[in-house]
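In this note's numbering, the protein residues as written are 315 to 614.
Built from N, CA and C at the ideal position, the CB exists for glycine as well.
Remember, it's a predicted structure, so these values are computed and weren't measured experimentally.
Report on the following structure.
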C-alpha cells in the first residue's frame, strides 16, 4: 500500500472540534485533539515534552480563549502523557489502569535520553503527572451542553486505553487503538482482545470521523486497516508458535503485504513476542467489557 503524504497542524473536524495532526515523525509524536465547550476546553492527549506542547498551546489559543479544563490520556505511553504537566491546573482524566501503569513505570531519565536524544533538554523538566480523575468502564463529561464519552474497551493497545466518543458529532478519537501508515504496536496490549475491540467499534459505534493515534483524519478505514494487521499478526504467529518456531524466526517469516511500506515495520518482532506471550498464557486476562463479542455500547 502506497503511503500518502498529509499535513501536520490543527484541523477542524466538527464545529468546535479539532484534530492536531503530527505527520512527522509519526512514531515519536502522537496526534492530539481539542474539544471546545461552552465553558472550557478538553485536550485529548497531552503530547510528550514542553518543546512540543508550547507550539500546540499557541495553536489552541488561535481558535479559542476558553480555559483548558481537562486533559484526557488515551493511554500511558509517553508521547501521549508526558506533556500533561504543561496544562495544569487542568484536571487530567484517564482509565484507572493508565494511572497505575504511569505510576509503576515512573520517569527513567537515562532511558528517555537514549531513546529520544533530540529532546535531551526537555527530559530534565519532565514531571510525572498521571490522571487525577479515573474511571472503570465509562465516564461522561459535559462541556456545557456538549457531551463527551470516555469509553474503556478493555485490553487492546494497552490495558488502560480510552476512546473519546462524541455521539452527536459522530467523532471518535481512538488513541493508539487505531493506526494508519505507522505499524501498530502491541508490546503492552492483548492482541486477541484488541481484535475483538476493533470489530466492536467498527460494528457498533456510530462514528463517521475518526482521529487515530498516528495517521491522518479519516473514516473507519484506520480501524479496518489496524484490524487487518492484527489478524495477519495473530494468524502468522499462531502458525509458527504451534510449529515450535522461535519469535525471531516467526517474525522473519511474516509477510507484511500491504503493510510492508508502513513506517517501522520492524515492530513485528515486538508484536510477535507479545503474541507468543499470549499463547503461553503469560498475560493478564482481559476484563469483560461492553466491547466484547456479543456486546455493544450500552444505551445512554
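Whole-Å CB distance - residue i paired with residue j, under 8 Å assumed
i           : j           : result
residue 489 : residue 389 : 6 Å
residue 351 : residue 457 : 2 Å
residue 512 : residue 540 : 6 Å
residue 515 : residue 544 : Their Cβ separation, rounded to whole angstroms, is 13 Å, which puts residue 515 and residue 544 out of contact at 8 Å.
residue 363 : residue 473 : Actually they are not in contact, since the Cβ atoms of residue 363 and residue 473 sit about 25 Å apart, beyond 8 Å.
Whole-angstrom distance between residue j and residue i, CA atom to CA atom
i           : j           : result
residue 402 : residue 355 : 13 Å
residue 360 : residue 377 : 18 Å
residue 485 : residue 450 : 22 Å
residue 398 : residue 559 : 42 Å
residue 593 : residue 546 : 15 Å
residue 610 : residue 357 : The pLDDT assigned to residue 610 is 49, lower than 50, so where the model puts this residue is not dependable, and the model offers no usable value.
residue 412 : residue 574 : 31 Å
residue 320 : residue 337 : 6 Å
residue 455 : residue 566 : 45 Å
residue 409 : residue 570 : 32 Å
residue 395 : residue 519 : 25 Å
residue 606 : residue 517 : 12 Å
residue 426 : residue 393 : 11 Å
residue 414 : residue 391 : 12 Å
residue 537 : residue 373 : 28 Å
residue 482 : residue 431 : 42 Å
residue 475 : residue 527 : 11 Å
residue 557 : residue 548 : 14 Å
Three-state secondary structure (DSSP) of residue i
i           : result
residue 568 : coil
residue 375 : helix
residue 383 : strand
residue 526 : strand
residue 563 : helix
residue 393 : helix
residue 617 : Outside the displayed range of the chain (315 to 614) lies residue 617, so it cannot be described from this structure.
residue 555 : helix
residue 542 : helix
residue 590 : helix
residue 537 : helix
residue 513 : helix
residue 577 : strand
residue 583 : helix
residue 614 : Because residue 614 sits at a pLDDT of 44, beneath the cut-off of 50, its placement in the model cannot be relied upon, and the point is left open.
residue 601 : coil
residue 499 : coil
residue 609 : Reliability of the predicted coordinates at residue 609 is poor, the pLDDT of 49 falling under 50, and the value obtained from them is presented with this limitation in mind. Here residue 609 sits in coil by DSSP.
Cut-off 6 Å between Cβ atoms - residues of its own chain near residue i, not counting five sequence neighbours on either side
i           : result
residue 407 : 384, 386, 445, 447
residue 470 : 491, 503, 508, 511
residue 423 : 437
residue 568 : 550, 582
residue 500 : 585, 588
residue 288 : Because residue 288 is not part of the residues shown, which for the chain are 315 to 614, the question remains open.
residue 330 : 350
Within-9 Å CB hit, residue i to chain C
i           : result
residue 402 : Checking the listed chains, one finds no chain C in this structure; it contains a single protein chain.
Own chain residues within Cβ distance below 7 Å of residue i, not counting five before or after
i           : result
residue 333 : 325, 327, 345, 347, 525, 531
residue 591 : 597
residue 442 : 416, 420, 421
residue 522 : 484, 533
residue 600 : 468, 469, 504, 507
residue 479 : 463, 465, 486, 519, 521
8 Å Cβ shell around residue i - same chain, five flanking residues per side excluded
i           : result
residue 452 : 463, 464, 465, 466, 604, 612
residue 405 : 383, 384, 385, 446, 447
residue 380 : 350, 351, 353, 354, 355
residue 400 : 360, 364, 367, 368, 371
Write down every uninterrupted run of the alpha helix (DSSP H) in the segment 398-481 whose length is 4 residues or greater and which is fully enclosed by it, in chain order. 410-419, 423-429
I'd like the ranges of any beta strand (DSSP E) spanning at least 3 consecutive residues and lying wholly in the segment 322-369. 323-328, 331-335, 346-350, 355-358
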